[in-house]
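Notes follow once the structure below has been shown.
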C-alpha cells in the first residue's frame, strides 16, 4: 500500500489522477472546515448553521435602490 499526503491538495490538481479515492482530512487549525468545532464567541443566536432547528420564512420586499418601472 502506498499513501501520498499533500497538505493543500486543491493547489495540486495534477496529483488527482494518483489518488483513488481522494480523501480530505479535516484537521483543527486556523482555517478549520468543521464548523461545528469552531468556537462561537460574540455570536448572536439563532445563527445558521449552528442552530439546527432554525426556521426560515422568506418574505419579498422592494428595495429602495431598485429602479422604477421603465428606468434602466
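In my numbering, the protein residues as written are 9 to 80. The C-beta atom is built at its ideal place from N, Cα and C for all residues, glycine as well.
Tell me whether residue i sits in a helix, a strand or coil according to DSSP, three-state version.
{"i": "residue 22", "result": "helix"}
Given a cut-off of 8 angstroms on the beta-carbon distance, is the pair residue i and residue j in contact?
{"i": "residue 59", "j": "residue 65", "result": "no"}
{"i": "residue 23", "j": "residue 12", "result": "yes"}
{"i": "residue 43", "j": "residue 21", "result": "no"}
Can you check which of these residues, the options, is closest to residue i by C-alpha distance?
{"i": "residue 36", "options": "47, 27 and 28", "result": "47"}
{"i": "residue 28", "options": "10, 70, 75 and 73", "result": "10"}
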